[in-house]
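Asker: Per the working numbering, residue 65 is the first one in the sequence shown, and the count goes up by one each step.
The C-beta atom is built at its ideal place from N, Cα and C for all residues, glycine as well.
Bear in mind that the values here come from a model prediction, so they are computed numbers and not experimental data.
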Amino acid sequence: LMVYSGLFMRWSLAIYPPNYALFACHVTNFAAQSIQMGRYTTADKTITEKVTDAVEEVAEKV
Numbered sequence: 065l066m067v068y069s070g071l072f073m074r075w076s077l078a079i080y081p082p083n084y085a086l087f088a089c090h091v092t093n094f095a096a097q098s099i100q101m102g103r104y105t106t107a108d109k110t111i112t113e114k115v116t117d118a119v120e121e122v123a124e125k126v
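Rendered as structure tokens:
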């Protein structure tokens with residue numbers, strides 16, 4: 065969705081007459097999707113660290 069919004073942001077201004085409402089929608093969507101991607105990557109790292117710690121803890125007990 066980030067790529068889609070990024071492409072169509074430009075398109076919404078390239079057409080005649082420029083559609084500023086559509087541009088604003090795509091800017092908002094791009095920002096929201098960027099935040100979600102950041103949250104996903106942060107959560108993924110956290111989950112990976114927790115799993116790694118749990119595996120190491122079990123390995124120490126064995």
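Is Ala118 a contact residue of the ligand SAH, with contact defined as CB to any heavy atom under 7 Å?
Answerer: Only the bare structure without any ligand can be found here, which leaves the ligand SAH out of the picture.
Asker: Does the pairing of the segment 104 to 122 with the segment 75 to 93 give three or more beta-carbon distances under 8 Å?
Answerer: no
Asker: Is the distance from the Cβ of Gln100 to the Cβ of Ser69 below 8 Å?
Answerer: Stepping through the sequence shown from its first residue, residue 100 is reached at position 36. Stepping through the sequence shown from its first residue, residue 69 is reached at position 5. Not closer than 8 Å, so no.
Asker: Which two residues bound the contiguous alpha helix (DSSP H) that contains Val122?
Answerer: What you label residue 122 is simply residue 58 of the sequence shown in a count that begins at 1. Tyr84 to Lys125 is the extent of the alpha helix (DSSP H) around Val122.
Asker: Using the three-state DSSP reduction, which class does Tyr80 fall into: helix, strand or coil?
Answerer: Translated into positions along the sequence shown, residue 80 becomes position 16. If DSSP states are grouped into helix, strand and coil, Tyr80 belongs with coil.
Asker: Short check: CB of Met66 to CB of Val91, under 8 Å?
Answerer: For the purposes of this step, residue 66 is taken as the residue at position 2 of the sequence shown. For the purposes of this step, residue 91 is taken as the residue at position 27 of the sequence shown. It is not a contact, given that the beta carbons lie outside the stated cut-off.
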